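Residues in the first sequence are numbered from 7 upward in steps of one, following my numbering. Here is the structure we will look at, set down as structure tokens.
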Amino acid sequence: MKTAYDPKKIESKWQKKWEKEGIYQAEESYVLRPTSYVKKKKFYGLIEFPYPSGEGLHVGHPRSYTAIDIVTRKKRMEGRNVLYPIGWDAFGLPTENFAIKNKVKPAVATKKNIANFTRQLKSLGFGFDWSREINTTDPAYYKWTQWMFLKFFNSYYDEKTKRARPLSEIKVPPKIRLQGKKAIAAYLDEKRMAYKASATINWCPSCKIGLANEEAQGGVCERCGGKVEKREKAQWMIRITAYADRLIEDLDTVDYLDRIRTQQINWIGKSEGASVDFDIEGQDADKKNLEANVSVFTTRPDTLFGATYLVLSPEYPLLDRWLQDGVIKNARNVQEYREGARKKSDIERQENKEKTGVALDGISALNPATGEQIPVWVADYVLAGYGTGAIMAVPAHDERDWEFAKKHGIKIKQVVAPVYVDEINSPRENKRNVPRRSVVCVVKHWSKDEILCLKWKKYDWQTFVIGGVEAGEDMVAAAIREIREETGYQHPKFVRILGSEYIAKYFAAHKDENRIAQITGLYFELKDGVREDVSATETAQHDAVWVTRENARFFVRGAGVHELLEPLLGGVGSAFLDEGVAINSDFLNSLPTADAKEKMIAWLEKEKKGKHTVNFRLRDWVFSRQRYWGEPIPIIFCDECGPVAVAEKSLPVKLPDVRRYEPTDTGESPLAKISTWVKVKCPTCKRSAKRETDTMPNWAGSSWYFLRYCDPHNRKEFASAKSLKYWMPVDLYDGGMEHTTLHLLYSRFWYKFLWDLGVIPEKCGSEPYKVRRSHALILGEGGVKMSKSKGNVVNPDDVVEKYGADIFRIYEMFIGPFDADAPWDTHGIEGVKRFLEKVWRIFTPVIPAQAGIQKHKHLDSPVKPENDNVETLLNQTIKKVGDDIETLDFNTAVSALMILANALSECKVQSAECAEIFLKLLAPFAPHIAEELWQKLGHETSIHVAEWPSYDSKKLVADTFELVVQVNGKVRDRLTVSSDISEKEATAAALASPKIRAALDGKKPKKVIYVKGRLVSIAI
RNA sequence: GCCGCGGUGGCGGAAUUGGUAGACGCACAGGACUCAAAAUCCUGCGAUCGCAAGGUCAUGAGAGUUCGAUUCUCUCCCGCGGCACCA
């Protein structure tokens, strides 16, 4: 009797059995069962452990979990010792807010939410190893989070070895040691990896919490979406910036999705340049000469000659002193401006980009290159937090400075590059076959008001191609006139180059098609041969100058000159050109031919006026949260000893069980009110002291959870070295893009730090995750984001209730490419339902007849002879499904299974062998139905520990194939031919075809191309 | 503005190193079975011309390379994501 496919009947049955038998439990690395091998290869698959919110599972969760479930199931079937763990990232705001609203304790709410999540996850049949379940709010877990915080507290970053080291290893300079205990302590405090400092932080007034930079992207709170304010507050900070370089460099050693990689690199924002010291001149109220200098950071030291003023951010520290000492004469204006800037929120600063500022009266700076006195300004377009908080402004070469200078009437001076043209050979020859030396100059147009301007001496110019984005036709005409006069050359050619369209137009007008190719070649030459990163777009947006002349020297004005010309020509210096005359050409000529930036840095270093500097956008990690539901920071403040670490043996510092835990407006943690908890004795001097009352951000617990999974029940260590050596690094980690600059960055940093200290064995490598992939969103029906307010949220419980786990899982895999957003489609899931029903129908009737597993040598031939034989398709499917799982192309893997099922459904009789293979391929995707049918086939052990099928590579190709015959690229005929057909035979067959003969129409083929196994292409 | 990704039927999406564009699924239409419905099965399904055989046009637009381009190159347009007064 046929029974209908009823997921409800089978799914919970198998879920219970699998759990009871523990088939998904990872084997310990060191406890070996008699049946397993000593060197069983491991596979560590990881998903981001969920935050157990009150809302329960979202349909987005299973997309990630099913994907990694499929991969790990395949690995298990391939004989790997698989670790696919699960746990809870349970500290944090949403639970706390939920608890406040519903008047329950966060711990209680968490427990309830976890129970609900557990039920939901189990109903989906994931192969998680529940015996390793962890929970960040469990004191046995956060004990180690606190322990690690103390590692940060008690370590410093050794710049020489580029590694974090224990603070005990630091060598305190004798000078400081002589100053006594306090000085030593202060010295050490400054070096700590975790340090408390007063800083301007992002404060969310609605969450009443300080946020890390990463959590306040775009000036908006990551949690509630509200506007973020600036607040001055003493905060625990973690020195992630020390690792900025390594966090970029080591990306080369791992396999991350490209966009994850670039996003991290962007976020860290490395830029290389120089710091330049400007001497400041001025007098204080007592007419005493000021002795001060302002250091700035610039990525364009080569434009130093063009620096015509200096700008300080409103928060610049020296300003306070100068205002106090009466150095600044217009103190009132300056103070007013600073107040105004301080009040502005980040958003206001972003929205209103008009450049405001105040000149500092009574102060000037000296340009170290020109020796010129330049004004000093305060303006809020300079950010306090980046670089030194001050800049040198080069209005001729920086848009922002340009805008500011124009508005406030500040002098603008260009840096001009003289160019030697004899360094490059032309790719083409002139009419007399003499190799012509030529040069291509691409000059960025830096403002709308200025036009590219050429200065030339009396040279014998032959050809010019000149143009400018903003240059009008009249400008070109004027330039032609000028060049005629100057050179006496009567027929210079000018083209306004804006891209190939313009080139084509120009030369089409002159009926000179040859030239088009030449010009196009020019661009290729520029791109491929000279400088790769001059993109086509860039080329089009720049003015181009093309000059063919030997030993010519000319000057080109405009920003970007050096960048673009240097690598091309190799011989450029920097000089400051005023009114067309190179004032400082002596300096220029004294420089060797090398990169202008480097030359300038070398000069600065020689003159002790600056040095090579690298700057990062990344800031230190703000680690304090003024909320209750987080790990207490295990620090005690003592009036005598300062911040003191809680003794290791006293960990964990448990969260006190309290009645009231609402946040406060004062910026203090609710814990501060619990005096019985706050008052403690100083661990060092035993005097009365106070606990730190801030808690950690929820990124803390998630920064190392993957390590705990390796050895989750260890009471002596966060994980044993042995287990870490075996399991780490994670082989495959999937998570959301939204964590790229948060959790992913933090945890990489955290891991590197522990690795530096050696608490993670060297052998594990410096990166925690070998492969990082990212799933995309599941959108609501119609392609909009799912949200409660739109009422388009799909609840996984409902889907499981209606369709069962297997259909749900396959649907989510089939919905589209794993890394592309896809809308939920209520009809689409019906198709998957039909597929599994079909699978059920195909295999149930045959099974009773063949119980006991007989191997059938020959697979039954399909009903329809024109179908390829099933054996080939079977082998192709084994390959396809296996390969697709490796590359996470689940949608096409499911499609391949459907194709095979469709073919099998046309067979009159099914063989057990074929059924077994099909079910094994299906098992990772739909574990329940595969297991049910598998056991009906007579197996007693689970299909999920059965061996993954292998394919016969000889049987991937069918006996015959359809040979396509093209004439001039168009398909004219298709012939069914034997797979081992030779080129000669194929060509002959093609030419013999009547349709082809008709298409040839008596003409003789010029060329015949044969592509093996595919086509014959005839050109006439 | 900068960086990254993408643009293919009514829809989600396939297409190996350039080699039959539209696999698989959905929706839709017609048919078989049925008293009927559901389920299932069969057929069709990019546009256009044609009774048909077959032809022509089609992968955001325009060009280029090629016997042959969704794929490679160039330009332009549009969408998404990230960063953004980062010097």
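For every residue, glycine included, the Cβ atom is placed at its ideal position computed from N, Cα and C. Keep in mind that this is a model prediction, so the values were computed, not measured.
Since residue i and residue j should fall inside the 8 Å C-beta cutoff, what is the C-beta to C-beta distance between them, to a whole number of angstroms?
i: Arg777; j: Asp737; result: Residue identity check: residue 777 is Val in the sequence provided, not Arg. That belief holds up - the Cβ atoms of Val777 and Asp737 are roughly 7 Å apart, short of 8 Å.
i: Asn299; j: Asp283; result: 5 Å
i: Pro638; j: Val659; result: 5 Å
i: Lys617; j: Glu611; result: 5 Å
i: Cys644; j: Cys688; result: 4 Å
i: Leu925; j: Ile949; result: 6 Å
i: Leu316; j: Leu325; result: Wrong, their Cβ atoms sit about 12 Å apart, outside the cutoff.
i: Ala918; j: Leu943; result: 6 Å
i: Pro718; j: Arg86; result: Between Arg86 and Pro718 the Cβ distance is about 20 Å, and since that is not below 8 Å, they are no contact.
i: Phe931; j: Arg815; result: 6 Å
i: Arg697; j: Gly216; result: Not confirmed; about 18 Å, so no contact.
Note the first and the last residue of the continuous alpha helix (DSSP H) segment covering residue i.
i: Lys839; result: 834-849
i: Thr304; result: Run containing Thr304: none in the alpha helix (DSSP H); it sits in the beta strand (DSSP E), 298-304.
i: Ala203; result: Ala203 -> not in any alpha helix (DSSP H); beta strand (DSSP E) instead, spanning 200-210.
i: Pro2; result: The question about residue 2 has no answer here: the residues shown for the chain are numbered 7 through 1026.
i: Ile418; result: Segment: none, Ile418 is in no alpha helix (DSSP H) and carries neither H nor E.
i: Arg1; result: Since the first residue of the chain shown is 7 and the last is 1026, residue 1 is not available in this structure.
i: Thr116; result: 112-129
i: Ile76; result: 66-83
For residue i, which option in the options has the closest C-alpha, if you only look at C-alpha atoms?
i: Gln341; options: Leu366, Glu360, Lys359, Ala240; result: Leu366
i: Leu253; options: Lys605, Ile74, Phe759; result: Phe759
i: Leu257; options: Arg779, Lys990, Ala96, Arg267; result: Arg267
i: Val765; options: Thr832, Ser729, Pro955, Met743; result: Ser729
i: Arg198; options: Lys885, Cys644, Asp700, Ile176; result: Ile176
i: Thr78; options: Ser281, Asp264, Ala32, Ala105; result: Ala32
i: Thr982; options: Leu1006, Lys976, Ser956, Arg1020; result: Arg1020
i: Thr672; options: Tyr57, Ile74, Ala240; result: Ala240
i: Gly275; options: Tyr11, Leu329, Gln21, Thr747; result: Thr747
i: Ala121; options: Lys181, Gly93, Pro100; result: Gly93
i: Arg623; options: Thr966, Gly231, Tyr757, Phe303; result: Phe303
i: Ala200; options: Ser212, Thr167, Ala248; result: Ala248
i: Ile380; options: Trp761, Thr314, Val686; result: Thr314
i: Leu880; options: Thr898, Leu910, Val900; result: Leu910
i: Ile813; options: Glu235, Lys1010, Ala929; result: Ala929
i: Gly1057; options: Arg265, Lys359, Gln289; result: It is not possible to answer for residue 1057, since the shown part of the chain is limited to 7 through 1026.
i: Tyr392; options: Asp261, Ser370, Val620; result: Val620
i: Lys46; options: Lys990, Lys117, Leu89; result: Leu89
i: Leu52; options: Gly741, Ala725, Arg980, Ser675; result: Gly741
i: Gly788; options: Lys808, Asp827, Ala337; result: Asp827
i: Tyr809; options: Leu842, Ala695, Ser301, Asp825; result: Leu842
If you follow the beta strand (DSSP E) that residue i is part of, which residue opens it and which one closes it?
i: Gly287; result: First, the amino acid is wrong: residue 287 is Glu here, not Gly. It spans 276-288 - the beta strand (DSSP E) in which Glu287 sits, taken as one unbroken run.
i: Phe1036; result: Summary: the structure shown does not reach residue 1036, with the chain confined to residues 7 through 1026, and so no result is reported for it.
i: Met243; result: 235-244
i: Ser1023; result: 1021-1025
i: Asp740; result: 738-742
i: Trp94; result: 91-94
*asked:* With a threshold of 8 Å, are at least 3 pairs of Cβ atoms found where one atom belongs to the stretch 667-677 and the other to the stretch 153-165?
replied: no
*Kindly provide the ranges of any alpha helix (DSSP H) runs that are 4 or more residues long and lie completely inside the stretch 139-213, ordered along the chain.*
145-159, 180-184, 187-197
_Below 8 Å, how does it come out for the stretch 715-735 and the stretch 220-234: are there three or more Cβ pairs, yes or no?_
no
*asked:* Using 8 Å as the cut-off, can you tell me whether the stretch 830-840 makes contact with the stretch 158-170, which would need three or more C-beta pairs spanning the two stretches below that distance?
replied: no
*asked:* With three or more beta-carbon pairs closer than 8 Å as the criterion, would you say the stretch 104-117 touches the stretch 69-89?
replied: no
*If you pair each beta-carbon of the stretch 898-907 with each one of the stretch 49-57, do three or more pairs fall below 8 Å?*
no
*May I ask you to verify whether the stretch 68-75 touches the stretch 120-140, counting CB pairs closer than 8 Å and requiring at least 3?*
yes
*Please determine if the stretch 201-217 and the stretch 795-804 are in contact, where contact requires at least 3 C-beta pairs separated by less than 8 Å.*
no
*asked:* For the pair the stretch 17-27 and the stretch 700-715, tell me if three or more CB-CB distances fall below 8 Å.
replied: no
_My parser needs the beta strand (DSSP E) runs of 3 or more residues fully inside the stretch 957-994; what are they?_
966-973, 976-984
*At which residue ranges does the stretch 320-384 contain complete alpha helix (DSSP H) runs of 4 or more residues, listed in the order of the chain?*
323-330, 337-349, 352-357
_Ordered list of alpha helix (DSSP H) runs contained in the stretch 675-749, each at least 4 residues_ = 681-684, 711-714, 727-733
*Enumerate, from N- to C-terminal direction, the unbroken alpha helix (DSSP H) stretches of 4 or more residues contained entirely within the stretch 790-834.*
802-809, 811-820
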